[in-house]
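Everything on this sheet refers to the single structure shown next.
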Amino acid sequence: MDRLNPKAKPRRRFRGPRVPVDPLKLTLAQAATRQVDAAIDAFERGKFDIAVTLAGASEGMIERDGHHLFAGLRDNPRAKERFSKQKDWINVLNRELYWLKHGGDDAMEITCFDAAMMIARAASKLEARDWTPKMEDFRVWFLKNLDCV
7 MDRLNPKAKP RRRFRGPRVP VDPLKLTLAQ AATRQVDAAI DAFERGKFDI AVTLAGASEG
67 MIERDGHHLF AGLRDNPRAK ERFSKQKDWI NVLNRELYWL KHGGDDAMEI TCFDAAMMIA
127 RAASKLEARD WTPKMEDFRV WFLKNLDCV
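Using the numbering used here, you'd call the opening residue of the sequence shown number 7 and step up by one each time.
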């Protein structure tokens, strides 16, 4: 069974939220945390495109001066040897995210690793106090499966 075209199952009709509904008030950290959690949910269902989009949005929301995964990847000395311009390396790191956001080629393959790395990047920008049990479970899974993702 193809996960993108699963067997037809009865269609659940859209019902929407119960109205009237109060607006959702969030801090940046809360919004970014919710996006990472939703990205992990999508990732677990094999919806790598949705996971990359949500995690990429979360990563972009949070400014962090301390160490985080994207900074470590961006500033990797081997990348500086391979790419004459840092912008070219950043384009490689964000290839799938940029394609999902802006389009380009007619098709793109988004792997489990691509989605997992984007989730890890986003989570690493959050403060430890903002991590959820779901993020910790993802971290444990990712480290355990890093060699085969």
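Each residue gets a CB set at the ideal place from its N, CA and C atoms; glycine is no exception.
Whole angstroms are fine: how far does the CA of residue j sit from the CA of residue i?
i, j, result
"MET7", "ALA14", "Its pLDDT being 47, under 50, MET7 is placed unreliably by the model, and the measurement read from it follows with that caveat. About 11 Å."
"LEU34", "SER130", "15 Å"
"ALA77", "ARG24", "42 Å"
"ARG19", "ASP71", "45 Å"
"ASP43", "MET67", "15 Å"
"MET123", "ASP143", "15 Å"
"LEU29", "ARG21", "The sequence given here has Pro at residue 29, not Leu. Going from the Cα of PRO29 to the Cα of ARG21 covers about 18 Å."
"ASN151", "ILE56", "21 Å"
"LEU141", "ILE46", "The displayed chain sequence assigns Met, not Leu, to residue 141. Each residue's Cα considered, the two are about 8 Å apart."
Taking the alpha helix (DSSP H) that residue i falls in, what are its first and last residues?
i, result
"CYS154", "From DSSP, CYS154 is part of no alpha helix (DSSP H); its letter is neither H nor E."
"LEU79", "75 to 80"
"ASN97", "92 to 99"
"ASP120", "118 to 131"
"LYS31", "Run containing LYS31: none; DSSP gives neither H nor E here."
"ALA134", "Unbroken run through ALA134: none, as it is neither H nor E."
"PRO83", "83 to 88"
Ignore the nearest five residues each way along the sequence and tell me which others in residue i's own chain have a CB closer than 7 Å to its CB.
i, result
"THR39", "LEU132, ASP136 and THR138"
"PHE148", "ALA122 and ALA126"
Please go through the same chain and pick out, in chain order, the residues whose beta-carbon is closer than 6 Å to the beta-carbon of residue i, but skip the five residues on each side of it.
i, result
"ALA113", "none"
"ALA128", "VAL42, ALA61, SER64 and GLU65"
"CYS1", "Given that the chain is displayed from residue 7 to residue 155, the structure contains no residue 1 and the question cannot be resolved."
With a threshold of 8 Å on Cβ separation, who are the neighbours of residue i within its own chain once the five nearest residues in sequence on each side are excluded?
i, result
"PHE89", "TRP95 and VAL98"
"ARG17", "none"
| query | What residue ranges within the segment 36 to 70 form continuous alpha helix (DSSP H) runs of no fewer than 4 residues, ordered along the chain? | reply | 54 to 67
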